[in-house]
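Okay, structure first, notes after.
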Amino acid sequence: MVTTELKKAPQVSLLKTLTSRDNQFMRLCNAPQNFPEIFAINFPLMSGYVIQNPELVQHVLQQNYTNYVKDRGYRVLGLLLGNGLVTNADSKSWRKQRTLMQPAFHRESLQRISEVVVESTERLLKSWKEKEGTEINFTREMAWLTIDIVSKALFTTDVTDADIQMTWRNINYLNDEGSRLAKNPFHIPWSFPLPKYIKARKYIAELDNLIYGIITRRKQQKNPPHDLLQLLMEARYEDTGEGMTDLQIRDELMTIFAAGHETTVNALSWTWYLIKQHAACEKELKEESVKFAGTRNPGFSDLPQLDYGRQVMNESMRLYPPVPIVGRRAVNDDVAFGYPLKAGRIIGINITGLHHHPAYWENPFEFRPQRFKNFELKGDNRFIFMPFGAGPRICIGNSFAMMEMQLINAMLSARTEMELISHDITPIPMITLKPGDGVLMRLVKVH
Ligand code: HEM
């Protein structure tokens, strides 16, 4: 009989964690230097494992994914998102919803969406022309742009500037408060009338108002467009023959609104923060972009040629993963890569650690877009570079986001000159990796 010896996950000390001089982000980056595969946390009211080895991650997110469900953090997120695709912990209903929504992200849909991306970016550039010489909060500008794109591309809805501002402010606040709740096992229950909880409920109600308004208007429309909203409205479940309730549609729309812009906003902010600090990269990107977005607008068919732009995006998301860590909870006892993982424990998949792991990346802290020149997201690579997650619950908006960011970057690079004002921004790992209060730039010229 073959017996394999079980390995023991090293334990991180509470004292060392509390006295560490590294900020939270650097702790995630540096963790693999001390613990290349896994470490266990055994703090009062918080116990689990953090994994940062590709085989372990593949086991949890792919090979035995049914044993690892969305954890407490996602339940907190559910206060805002309800039971949409991101938070849904029931594998049967999640699969139904995923299958239903997938066509909205297929190649043909993306081709149409690329036109929306270009039109919205063109409008943004026009508005920037009037702001030449002034300081802008680049992060806030990207929020405006991405909310505009998501609502037009997936719900064919024109949201007003006031609604865009409200969406950004409210989702931002709710994400931050949600992150704090998820990280703090001693938090006061949500039902308690704390002022910050009352504010959160008011913010959710304002977002609900916007979303239910979109649903109601669509119901009255004579010739509705073929978009994600229509897919949800016309869906009939095979087993019951019934459609989705307004609440279910609301949860999916809210999920797409939240998941579809905050991540992209942060990715674009970090990318430009890096570009502006690396003159050679800025020059190379401009040379490429001018060819496809200098005297005309770029299109879907130009994407393969915007390859340096893709490399820059990937390298930026490697250094600053927009979703720094994802969590699961083990349902049953399991053994992964020789380590026993106990039922009920939280598993943190340290995407940031994997992206800075010295065993897989040469000079991991250096910005080198060219490392992605011939990098294919296949085989083992899937589990060392995973800004969009991995396994069946990989981001549904993955190709949407890459296409959107490549086109926006090409247009900004070809048609603007900007100066970075904020230096030394400390990344704040909340649900997404935030660049503090945003990246500030001076708009020197807009063509
Ligand atoms: C740079 C941009 C983006 C990044 C880095 C990103 C990252 C991620 C990650 C890491 C996950 C997996 C979470 C987990 O395993 O727990 C995820 C899931 C998801 N993302 Fe994205 N995302 C981005 C853009 C988008 C966009 C544009 C949309 C929609 C328009 C979107 C919609 C979703 C949804 C619905 C899920 C849940 C999928 C499921 O569980 O089936 N994301 N995203």
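In our numbering, the protein residues as written are 1 to 447.
Quick reminder that beta carbons are idealized off the backbone N, C-alpha and C, glycines included.
Original post:
Within the structure, which residues are defined as neighbours of the ligand HEM by a Cβ-heavy atom distance below 6 Å, reported in chain order?
Top reply: Leu85, Val86, Arg98, Val150, Thr255, Ile256, Ala259, Gly260, Thr263, Thr264, Ala267, Pro322, Val323, Val326, Pro387, Phe388, Gly389, Arg393, Cys395, Ile396, Gly397, Phe400, Ala401
**OP:** Can you give me the Cβ contacts of methionine 1 inside the same chain, cut-off strictly under 7 Å, excluding the 5 residues immediately before and after it?
**Re:** Residue confidence for methionine 1 is low, a pLDDT of 48 falling below 50, so the modelled location carries little weight; the figure read from the coordinates is stated next. Answer for methionine 1: no residue qualifies.
Original post:
If we count Cβ pairs, one from each stretch, closer than 8 Å, do we get three or more for the region 219–237 versus the region 168–182?
Top reply: no
**OP:** Tell me whether threonine 432 sits in a helix, a strand or coil according to DSSP, three-state version.
**Re:** coil
Original post:
Any idea if lysine 8 is buried or exposed, counting beta-carbon neighbours within 10 angstroms, 16 or more meaning buried?
Top reply: exposed
Subject >> Those residues which DSSP pairs with methionine 411 across a bridge >> reply: DSSP lists no partner for methionine 411.
**OP:** Go through its chain and collect everything with a Cβ distance to glutamate 262's Cβ below 7 Å, but skip five positions before and after it.
**Re:** Ile171, Asn175, Thr432
Original post:
Among the residues of its own chain, which have a CB less than 8 Å from the CB of asparagine 266, if the five just before and after it don't count?
Top reply: Thr139, Tyr320, Pro322, Thr432, Leu433, Lys434, Pro435
Subject >> Limits of the unbroken alpha helix (DSSP H) element including glutamate 287 >> reply: 279–293
Subject >> Backbone CA spacing between arginine 296 and lysine 445 [nearest angstrom] >> reply: 18 Å
Original post:
Who does arginine 442 pair with in a DSSP beta bridge?
Top reply: Glu135, Glu419
Original post:
Does the Cβ of glutamine 63 have 16 or more other Cβ atoms within 10 Å, making it buried, or fewer, making it exposed?
Top reply: exposed
Subject >> Range covered by the alpha helix (DSSP H) that runs through isoleucine 215 >> reply: 195–220
Original post:
What number of angstroms, rounded off, separates the C-alpha of isoleucine 147 from the C-alpha of alanine 162?
Top reply: 12 Å
**OP:** Put proline 54 into one of helix, strand or coil per three-state DSSP.
**Re:** helix
**OP:** Give the DSSP bridge partners of glycine 48, in chain order.
**Re:** Ile41, Ile346
Subject >> Terminal residues of the beta strand (DSSP E) in which lysine 70 lies >> reply: 68–70
Original post:
Buried or exposed: proline 358, going by 16 or more other Cβ atoms within 10 Å of its Cβ?
Top reply: exposed
Original post:
Going by the CB atoms, is the gap between leucine 154 and aspartate 239 shorter than 8 Å?
Top reply: no
Original post:
Does DSSP put proline 185 in a helix, in a strand, or in coil?
Top reply: coil
Original post:
If we count Cβ pairs, one from each stretch, closer than 8 Å, do we get three or more for the region 117–124 versus the region 402–414?
Top reply: yes
**OP:** Give the straight-line distance between the Cα atoms of leucine 285 and histidine 106, rounded to the nearest whole angstrom.
**Re:** 28 Å
Subject >> Straight-line Cα distance separating valine 86 from tyrosine 74 >> reply: 8 Å
Original post:
Secondary structure at glycine 309, three-state DSSP: helix, strand or coil?
Top reply: helix
Original post:
Using CA coordinates, which residue listed in Pro324, Val326, Ile346, Ile325 is at the minimum distance from asparagine 332?
Top reply: Ile346
**OP:** Let me know the secondary structure DSSP gives proline 450 once reduced to three states.
**Re:** What the structure shows of the chain is the stretch from 1 to 447, and residue 450 is not part of that stretch, so it cannot be assessed.
Subject >> Which of helix, strand or coil DSSP assigns to alanine 330 >> reply: strand
Subject >> Nearest-angstrom Cα separation, counted from aspartate 90 out to methionine 46 >> reply: 24 Å
**OP:** Measure the Cβ-Cβ separation of arginine 368 and glutamate 282 and say whether it is below 8 Å.
**Re:** no
Original post:
Taking the Cβ atom as the reference point for each residue, do arginine 329 and valine 69 lie within a distance shorter than 8 Å?
Top reply: yes
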